[in-house]
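Protein chains in written order, with our numbering: chain A, -10 to 280; chain B, 529 to 853.
Beta carbons are placed, not taken as given, at the ideal position from N, Cα and C, and that holds for glycine.
Because the structure is a prediction, the values reported are computed rather than measured.
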């Protein structure tokens, strides 16, 4: 029983990280109609950027803040201006292909230009664990849950409570109507790209201490992000959260009780079940795509 | 009519020239050409899914691998090559149907995610089920076939055999696309809603295109196993699927010969860079994937129809595309 609860706790923590990447993915899809196949690399690049600042002598928190600023500039604004804006008019598929090309290019740049090795990454949380009602919980899991939870709650509050956040939701729901109401659609879409970049940096901060910084670390987390987003419901930000946590917990349980070798297959299986029985996602509302 | 005859004549002449040239090539170059033919079987199939049915598949390498492992296991058990070939093709076709059905039922771009996950899963099975697949050690000593009493053991003989098989496969696909049945594919890619209103069952046709594409990859996999004579999970990773997809897109998806150009770029070019002795080219080899990735992005921005659409761009004749597709 104790094992089981521990698996749930650490699975929820891992799932919360998936959820952060999935959240950015969902937001991009809602507001800009972008499916970003380089989402995993958007997590990998900040990990190396933070390592770079740390190597230059900055403490972790400063490296994190600097990377956030850089990510907003490059992965947010730059990605939108250089790749999304010129391509969005051609439709979804050329843009998807371009993000695939981007993913290959970024991975290869890190491998050829820097290193193909896995690099250790400092944890933002103290090591060790503590006992809570007879169950051992690590500080890292708790810290991850608290930080990821705070970000998700904060983002929800921003989207639901502030004028800017509500305007962003309006753009996601109906771009034309939002424009008629005088909302600056372009600016709102840009905000979504910036938020996505920051979410990716936070995911990198939380996931890299266990995954290690490696050029292909984004493959796995990117895939989990897609599946989490679809399982939860592509058109619901809360869905990404549920999907991420569900994948994280089930992976842990399957890895422990069934076979660690097939942990990576859990997300696919869950995805296939969801699209067979509840295609709009667990929390999603079915929608008619525009013609 | 005349243009078509001239084109097929030119193509036949090119094939004959290639076959003659191969007789004078180094052993390693013939091997590379055979490898190209083998990958082309898979990318021709993928072009059916991507170019004609307008769907993204990120799992072609998984089907390629399934075909290869079928071949490795069955050929070593002593099954004849021409029995293994249909078994592998039918298995891939059936798996394609089973995987494509749930994905295509919902939203069409879900196929991309389903195939991506499927490829990851297949890779895990190949690596972990050591009793069947040999795990990371793979399966070695795969025999090459004997066709009509002629042994395909020699590298040149096997190249001719692969090239001939590729031509047969290409002709079959060409015939399929010219048939009324195949024209429905193009119709649903160009305007799915119109196609549906004309009575084309979009989901059924897309599913079939995907499954046929998967079967082609399975066939390619069988030839791959016989060519390389040793297989392990590495070549069937998701990254190969991505390269195959990009090969089709870069060449020009929905153009019959698009995959040829794309496959040369992804298979032949990096190998030529690797084997070259010039320092500058050695440098290129390391950075090859970087250039390739950036080139794909640039291509999507400036020439979303692929390299073979460059002619249309200059002619600015919108009719040309319809004629080619």
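Buried versus exposed call for residue i [16 or more other C-beta atoms within 10 Å across all chains shown]
i: residue 626 of chain B; result: exposed
i: residue 163 of chain A; result: exposed
i: residue 78 of chain A; result: exposed
i: residue 208 of chain A; result: buried
i: residue 838 of chain B; result: exposed
i: residue 109 of chain A; result: exposed
i: residue 713 of chain B; result: buried
i: residue 846 of chain B; result: Note that residue 846 of chain B has pLDDT 49, beneath the 50 cutoff, so the model's placement of it is unreliable and no number is given.
i: residue 658 of chain B; result: exposed
i: residue 130 of chain A; result: buried
i: residue 8 of chain A; result: buried
i: residue 665 of chain B; result: exposed
i: residue 83 of chain A; result: buried
i: residue 558 of chain B; result: buried
i: residue 58 of chain A; result: exposed
i: residue 630 of chain B; result: buried
i: residue 146 of chain A; result: exposed
i: residue 787 of chain B; result: buried
i: residue 35 of chain A; result: buried
i: residue -7 of chain A; result: exposed
i: residue 281 of chain A; result: Here chain A comprises residues numbered -10 to 280, so residue 281 of chain A is not present and cannot be evaluated.
Extent of the continuous alpha helix (DSSP H) to which residue i belongs
i: residue 27 of chain A; result: Here residue 27 of chain A belongs to no alpha helix (DSSP H), and DSSP marks it neither H nor E.
i: residue 166 of chain A; result: 164 to 169
i: residue 212 of chain A; result: 206 to 221
i: residue 803 of chain B; result: 797 to 803
i: residue 691 of chain B; result: 683 to 706
i: residue 590 of chain B; result: 588 to 604
i: residue 129 of chain A; result: 128 to 150
i: residue 89 of chain A; result: 81 to 102
i: residue 58 of chain A; result: 49 to 60
i: residue 639 of chain B; result: 638 to 656
i: residue 722 of chain B; result: 720 to 725
i: residue 607 of chain B; result: Segment: none, residue 607 of chain B is in no alpha helix (DSSP H) and carries neither H nor E.
i: residue 241 of chain A; result: 226 to 246
Per-residue contacts from residue i into chain B (C-beta, under 9 Å)
i: residue 212 of chain A; result: 641, 644, 645, 648 and 766
i: residue 36 of chain A; result: Simply none; closest approach about 19 Å.
i: residue 254 of chain A; result: 645, 648, 649, 652 and 653
Where residue i meets chain A, residues with beta-carbon distance less than 8 Å
i: residue 822 of chain B; result: 90 and 94
i: residue 719 of chain B; result: The premise fails here: residue 719 of chain B is roughly 10 Å from chain A at the closest Cβ pair, so nothing lies under 8 Å.
i: residue 704 of chain B; result: Here the premise fails: no neighbours, minimum Cβ distance about 23 Å.
i: residue 774 of chain B; result: 86, 89, 90 and 93
i: residue 729 of chain B; result: Chain A residues near residue 729 of chain B: none, gap ~18 Å exceeds 8 Å.
For residue j and residue i, believed in contact at Cβ under 8 Å, the rounded distance
i: residue 42 of chain A; j: residue 52 of chain A; result: 4 Å
i: residue 796 of chain B; j: residue 564 of chain B; result: 6 Å
i: residue 307 of chain A; j: residue 239 of chain A; result: Residue 307 of chain A lies beyond the residue range present for chain A, which begins at -10 and ends at 280; the question has no answer from this structure.
i: residue 114 of chain A; j: residue 132 of chain A; result: 4 Å
i: residue 643 of chain B; j: residue 585 of chain B; result: 5 Å
i: residue 738 of chain B; j: residue 577 of chain B; result: 5 Å
i: residue 650 of chain B; j: residue 593 of chain B; result: 6 Å
i: residue 731 of chain B; j: residue 633 of chain B; result: 7 Å
Chain-ordered chain A contacts of residue i [CB-CB under 7 Å]
i: residue 777 of chain B; result: 86
i: residue 660 of chain B; result: The premise fails here: residue 660 of chain B is roughly 14 Å from chain A at the closest Cβ pair, so nothing lies under 7 Å.
i: residue 631 of chain B; result: 264
i: residue 814 of chain B; result: 101
i: residue 817 of chain B; result: 93 and 97
i: residue 584 of chain B; result: 82 and 85
Under 9 Å by beta carbon: chain A residues contacting residue i
i: residue 637 of chain B; result: 24, 81, 82 and 85
i: residue 611 of chain B; result: Within chain A, no residue comes near residue 611 of chain B; the closest Cβ sits about 31 Å away, beyond 9 Å.
Identified DSSP bridge partners for residue i
i: residue 675 of chain B; result: B:678
i: residue 202 of chain A; result: A:108
i: residue 575 of chain B; result: The partner list for residue 575 of chain B (beta bridge, DSSP) is empty, contrary to what the question assumes.
i: residue 120 of chain A; result: A:125
Under 8 Å by beta carbon: chain B residues contacting residue i
i: residue 103 of chain A; result: By Cβ distance, chain B contributes nothing, its closest Cβ being about 12 Å from residue 103 of chain A, past 8 Å.
i: residue 215 of chain A; result: 641 and 644
i: residue 257 of chain A; result: 642, 645, 646, 648 and 649
Under 7 Å from the C-beta of residue i: neighbouring residues of chain B
i: residue 76 of chain A; result: 828 and 829
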